[in-house]
Amino acid sequence: MAFVPYAIDPDLDLELVRELDVTPELVWRAWTTPELLVQWFTPKPYETTHCEIDLRPGGIFRTVMRSPEGEESDGSGCYLEVIPDERLVWTSAMLPGYRPQPGPMPFTAVIELQPTGSGGTRYRAIVLHQDAEGREQHAQMGFHEGWGAALDQLVELAKSL
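Given below as structure tokens:
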């Protein structure tokens with residue numbers, strides 16, 4: 170199957186694109202191995218204290234994040250698409266088994282990985298929002314800064330594997 174990138178709607182979606190100097194396989198491993206994901210997923214000084222992954226469409230993607238003040242945030246979602254070393258898609262709008270769940274800012278996240286000629290990865294993270302207000306809220310929360318800092322942490326970890 171040929172790689173077809175997701176299209177974005179600039180009024181509803183946020184996007185982070187970077188060239189990484191680690192392979193798609195290492196990026197995939199960092200995204201899909203709970204004991205690795207907890208090491209990089211949340212930008213410091215926040216931390217991810219728990220991760221649960223059932224890596225299949227309909228499976229759970231759950232993280233528990235802790236703020237520097239000790240406040241915890243439990244985020245559960247459902248995988249929609251799993252293509253090893255290429256694409257990972259999950260949503261916060263559903264629980265495992267595609268069960269709908271209410272939430273204040275539902276979104277769908279798409280991680281696309283493409284190998285580069287230099288042995289690295291073209292990394293593209295897209296977050297699809299229900300409406301412009303959700304997109305703006307996520308942008309104001311620091312989407313680019315936070316997801317970018319977490320990605321830097323992922324690359325640092327991947328280089329050590």
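For the sequence shown, my numbering assigns the number 170 to the initial residue and increments by one for each residue that follows.
The beta-carbon is built from N, C-alpha and C at its ideal position, and this holds for glycine as well.
Boundaries of the alpha helix (DSSP H) harbouring Thr201: Pro193 to Thr201, taken from the DSSP string. Here Ala294 carries a strand assignment [DSSP, helix/strand/coil]. Judged by DSSP in its simplified three-state form, Ser261 adopts coil rather than helix or strand. One alpha carbon belongs to Thr277, the other to Ala262, and they sit about 7 Å apart.
In terms of Cβ geometry, Leu257 and Ile280 form a close pair [threshold 7 Å].
Leu326 has its alpha-carbon roughly 15 Å from the corresponding atom of Trp316. Short of 6 Å from the beta carbon of Cys220, and not among the five residues preceding or following it, lie these beta carbons of its own chain, in chain order: Pro203, Leu206, Val207 and Thr232. Around the beta-carbon of Ala301, fewer than 16 other beta-carbon atoms lie within 10 Å, marking it exposed. Unbroken alpha helix (DSSP H) runs of no fewer than 4 residues, entirely contained in the region 202–258, are found at 203–209, following chain order.
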